[in-house]
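Student:
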Amino acid sequence: MLSKKRSKLFYLFVFPWIFGFLFLTAGPMLYSLYLSFTNSSGFGTPDWVGLDNYSRMFNQDPLFWKSLGNTFFYTALSVPLSLVTGYLLAVLLNTKVKFMGVFRTIFYLPSIVPTVATSLLWMLIFQPNFGIANAILDFFGLPTSLWLLSEQMVKPTLVIMSLWGIGGGMVIYLAGLQEVPKSLYEAADMDGASTWRKFFNITVPMTSPVIFFQLIMGLIGALQVFTQAYVVSSGSGGPNYQSLFFVFYLYQQGFRYFNQGYGSAMAWILFFLVLILTGFIFNSVGKKVYYESGD
Amino acid sequence: MELTGEQKSIQKKYKSIEKEIKVKRILIYLALISLSIVFIFPFLWMLFTAFKPENEAMAFPPRLLPRVWDLENFGEVFQIVPFATFYKNSIIVAGLGTLGTVLSSSLVAYGFARIKATGRGVWFALLMSTLMLPPQVTMIPVYIIWSRLGFVDSLVPLIVPAFLGNSYYIFLLRQFFRTIPKEVEESAYLDGANTFQIYWKLILPMSRAAIITVTLLSFMGFWNDFMNPLIYLHSVENYTLAIGVMQFQGALTVYWGPMMAASTLMLIPLVIIFFTGQKHFVEGIATQGNKG
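Read top to bottom, the protein sequences are chains A and B.
For the first sequence, our numbering gives the first residue as 169, with consecutive numbering after it.
For the second sequence, our numbering gives the first residue as -9, with consecutive numbering after it.
(1) Under the three-state reduction of DSSP, which class applies to B:Thr91: helix, strand or coil?
(2) Identify which residue in B:Ala99, B:Gly234, B:Val58 has its Cα closest to the Cα of B:Tyr159.
(3) Looking at the structure shown, is A:Val270 part of a helix, part of a strand, or coil, going by DSSP?
(4) Just to confirm, are A:Gln346 and A:Asn262 a CB contact at a threshold of 8 Å?
(5) Measure from the C-beta of B:Pro195 to each C-beta in chain A and report whether the shortest distance is under 8 Å.
(6) Just to confirm the assignment, what range does the alpha helix (DSSP H) spanning A:Phe226 have?
(7) What are the complete alpha helix (DSSP H) segments, minimum 4 residues, inside the stretch 34 to 105 of chain B?
(8) Please state if the CB of A:Tyr242 and the CB of A:Ala390 are separated by a distance shorter than 8 Å.
(9) Quick one: Cα of B:Val236 to Cα of B:Leu93, how far?
(10) Counting along the chain, where does the alpha helix (DSSP H) carrying A:Pro324 start and finish?
(11) Leaving out five residues on either side along the sequence, give the residues of the same chain with a beta carbon under 6 Å from the beta carbon of A:Met374.
(12) Tell me the rounded alpha-carbon separation between A:Ile300 and A:Ile328.
(13) List the residues of chain B that A:Trp315 touches, going by C-beta distances under 7 Å, in chain order.
(14) Counting only C-beta atoms, is B:Phe212 closer than 8 Å to chain A at any point?
(15) So which residues of chain B does A:Thr206 contact, with C-beta pairs closer than 7 Å?
(16) Can you give the Cα-Cα distance for A:Tyr132 and A:Gly212, rounded to whole angstroms?
(17) On the premise that B:Ser96 lies in contact with B:Leu121, defined as a C-beta separation below 8 Å, what is that separation, rounded to the nearest angstrom?
(18) Would a C-beta distance cut-off of 8 Å place B:Pro147 and B:Phe153 closer than the cut-off?
(19) Sorted by chain position, which residues of the same chain lie with C-beta nearer than 7 Å to A:Ser175's C-beta, five sequence neighbours on each side aside?
(20) Run through chain B and tell me which residues come within less than 7 Å of A:Leu326, C-beta to C-beta.
(21) So which of A:Asn369, A:Gly360, A:Val400 has the shortest CA-CA distance to B:Leu233?
(22) Whose C-beta lies closer than 7 Å to the C-beta of A:Asn207 among residues of the same chain, with five residues either side of it excluded?
(23) Which residues share a DSSP beta bridge with B:Gln268?
(24) Considering only the alpha carbon of each residue, which of A:Phe271, A:Phe205, A:Asn427 lies closest to B:Ser24?
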């Protein structure tokens, strides 16, 4: 039985969030949709321009495509890599090793470092003239690189930087791995299953909800990559627009050139991209996820 | 004869398995130790560079340890930029922001967890859907709102939204509150407590671990936030640390030593927080993935 009094009480408790939802999320979303059909520049009244922003984006703006391509490249490289390495690291830690807590802390710690500090630190490490990365390559007689200043290497280098933070995913995988019932492995041992088979037929399926969650979150996060690229390129997206990611370009359009209409149109494209990609993953990978009970 | 031969072969097999397990263990430890070195190394590089005088910080080939341990960079941090002001601003934003986030998110989470009402399901579905929404979709209009209200170039737009709850933490806390047995609240009702008192005096203290987790995550989120300060703060005296540390990268020179000293100083509160709350923290974070 739902009493009116309880209902009122509920709305009293959740009022802060509903207020925020209306004025900082739903309202602005609609406003942003409206802006995307205008030439709003932050000054004066914006004019309605219909689909101009969208058609300019698709037909006349090479940087839009460039930034989209850069973002896909980064996402396609960093998401699977950090997923696999983070998972393997967790599997390694889950082998009843001594000092597990110490190792876990060591691997986790880099993920609490602010992205700005991480980026500045790796800029120093990858500095072409006196950075330690080139010094090590040089010591072994290997070819050195311009890293973040090289058109070909800037995105792969950003991916390498992102791998320093895999500890964040690792602790989540580790918690999932520790919940896998031991009895399953014992039964498999009785049947003489190999380590390999146990890994693919027990470990992976049993932890698939965690893997799936990390995949979705990682994907949404990677599509929004911004801070690292902004810091290492000093806000330019260089060299030659190779680190100009989608959100980076959106920021430039909306807040540097004050093309609020164009920026809003880009924001909606991003929103649709996230919806389509996550929807696709839910419908393909999501169906293979194993849930123990219908919780 | 036959029997002992069989026994011998079994013994041999057993020994070889034992040996294999031992080798495996050693390999795992070797992998973990070498990976640990790789993960720790950048921290050491940051720390040691912070103590290197300028000529050493930019020497090739670089040395791991400074020849001369020099505190000068830490002094320069405060001379090159108004670093103390950045620090103060970050403490204000992260402190008030965290306070607002924890108070509002826990209140809202309790409503969603325990108070039945018409429309609750719909609001909760909306809450969950905002988790997927990239913040960039609302960034431009929200900026316009704050600019109309005259709060651009102040800390206000960074702090006030925190008091309206954070969808993610609301969800985490709701999940936690739902694990508390209902009998606890029922007996409190019989003693004459009202719902707010139950939330404030009973549920919050009982949820210490979850509250600590959200407090730490939220503090780190505000401390590390880059995009909002970048958009809203224009005058240097309003900068937070996240955008302030970028100032060491001048147009012509990069102050590597002071930059690493500043990064180290920015990291210290996070490391302290991490180690004091580690137990709750690692457990709390780990539960994030078990959403299903």
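We put the CB at the ideal spot given by N, CA and C, even for glycine.
Tutor: On the basis of the data shown:
(1) Stepping through the second sequence from its first residue, residue 91 of chain B is reached at position 101. Three-state DSSP puts B:Thr91 in a helix.
(2) The sequence position of residue 159 of chain B within the second sequence is 169, counting from 1. Nearest C-alpha to B:Tyr159: B:Ala99.
(3) Position 102 of the first sequence, counting from 1, holds the residue named residue 270 of chain A. Here A:Val270 sits in helix by DSSP.
(4) Residue mapping note: residue 346 of chain A aligns to position 178 of the first sequence, counting from 1. Residue mapping note: residue 262 of chain A aligns to position 94 of the first sequence, counting from 1. For A:Gln346 and A:Asn262, yes; Cβs fall inside 8 Å.
(5) Position 205 of the second sequence, counted from the start, is the residue given in the question as residue 195 of chain B. So no, B:Pro195 is outside the interface.
(6) The residue given as residue 226 of chain A occupies position 58 in the first sequence. Taken as a continuous stretch (DSSP letters only), the alpha helix (DSSP H) holding A:Phe226 covers 220 to 228.
(7) 44 to 47, 62 to 70, 73 to 104
(8) Numbered from 1 along the first sequence, position 222 holds the residue referred to as residue 390 of chain A. Numbered from 1 along the first sequence, position 74 holds the residue referred to as residue 242 of chain A. Yes. Within cutoff.
(9) Within the second sequence, the letter at position 246 stands for residue 236 of chain B. Within the second sequence, the letter at position 103 stands for residue 93 of chain B. The amino acid occupying residue 236 of chain B in the given sequence is Met; Val does not appear at that position. Roughly 32 Å between the two C-alpha positions.
(10) By one-based count along the first sequence, residue 324 of chain A stands at place 156. Per DSSP, A:Pro324 belongs to the alpha helix (DSSP H) from 322 to 331.
(11) The residue given as residue 374 of chain A occupies position 206 in the first sequence. Cβ neighbours of A:Met374 beyond the five flanking positions: Val348.
(12) For the purposes of this step, residue 300 of chain A is identified with residue 132 of the first sequence, where counting begins at 1. For the purposes of this step, residue 328 of chain A is identified with residue 160 of the first sequence, where counting begins at 1. Those two C-alpha atoms are separated by around 15 Å.
(13) Residue numbering aside, residue 315 of chain A sits at position 147 when the first sequence is read from its first letter. Residues of chain B passing the Cβ test: none, with the nearest at roughly 14 Å.
(14) The residue labelled residue 212 of chain B in the question sits at position 222 within the second sequence. Taking Cβ atoms only, chain A never reaches closer than 8 Å to B:Phe212, which makes this a no.
(15) As a first step, residue 206 of chain A is located in the first sequence; it is residue number 38 there, counting from the start. Within 7 Å Cβ-Cβ: nothing; A:Thr206 doesn't reach chain B, min ~11 Å.
(16) As displayed, chain A neither begins before 169 nor continues past 463, which places residue 132 of chain A out of reach and without an answer.
(17) Here residue 121 of chain B corresponds to residue number 131 of the second sequence, with the count starting at 1. Here residue 96 of chain B corresponds to residue number 106 of the second sequence, with the count starting at 1. Going by Cβ atoms, the distance from B:Leu121 to B:Ser96 rounds to 18 Å, so no, they are not a contact pair.
(18) Translated into the one-based positions of the second sequence, residue 147 of chain B becomes position 157. Translated into the one-based positions of the second sequence, residue 153 of chain B becomes position 163. In this structure, B:Phe153 does not lie closer than 8 Å to B:Pro147 by Cβ.
(19) Residue 175 of chain A sits at position 7 when you count from the first residue of the first sequence. Closer than 7 Å at Cβ, skipping near neighbours: no residue.
(20) The residue you call residue 326 of chain A lines up with position 158 of the first sequence. Chain B residues near A:Leu326: none, gap ~15 Å exceeds 7 Å.
(21) In the second sequence, counting from the first residue as 1, residue 233 of chain B sits at position 243. Note that residue 233 of chain B is Ile in the sequence shown, not Leu. Nearest C-alpha to B:Ile233: A:Val400.
(22) In the first sequence, residue 207 of chain A corresponds to position 39, counting from 1. Result list for A:Asn207: Pro214, Asp215, Val217, Gly429, in chain order.
(23) For the purposes of this step, residue 268 of chain B is identified with residue 278 of the second sequence, where counting begins at 1. None; B:Gln268 has no bridge partner.
(24) Looking up residue 24 of chain B in the second sequence gives position 34. It is A:Phe271.
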